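Step one of this worksheet: look at the structure below.
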Amino acid sequence: MEIFNPDLIFNLSKDITLKALDKDLIPVDKNDTVSTAQNIASFYNSISDCLFALGNNN
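Be aware that the sequence shown starts at 12, since it is given in my numbering, and climbs by one per residue.
Structure (structure tokens):
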């Protein structure tokens, strides 16, 4: 039984990243958009990698 599929992982990663931004868990610098974008992308990639790893452990 496949619990995690790519679409679900994408949506979960996006939702977790947006929630983390709301809770100020991801560093944001309004004067440095490049750094902010890198922080968001890094967080999103980390979450996605973890979810893919969980999905592969089934």
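Using N, Cα and C, we set each Cβ at its ideal position, and we do this for glycine too. These numbers come from a predicted model, not from an experiment.
Where residue i falls, given that 16 or more other Cβ within 10 Å makes a residue buried
i   : result
T28 : buried
S24 : buried
K30 : exposed
Continuous alpha helix (DSSP H) stretch holding residue i: start and end
i   : result
L36 : Element bounds for L36: n/a, residue is neither H nor E.
D8  : The structure shown does not extend to residue 8, since the chain is modelled only from 12 through 69, so no value can be given for it.
Among the options, the one whose alpha carbon lies nearest that of residue i
i   : options               : result
T47 : L32, S59 and S57      : L32
L36 : N50, D60, L65 and T44 : N50
Residue-chain proximity (residue i, chain D), Cβ-Cβ < 8 Å
i   : result
F54 : The displayed structure is made up of one protein chain only, and chain D is not part of it.
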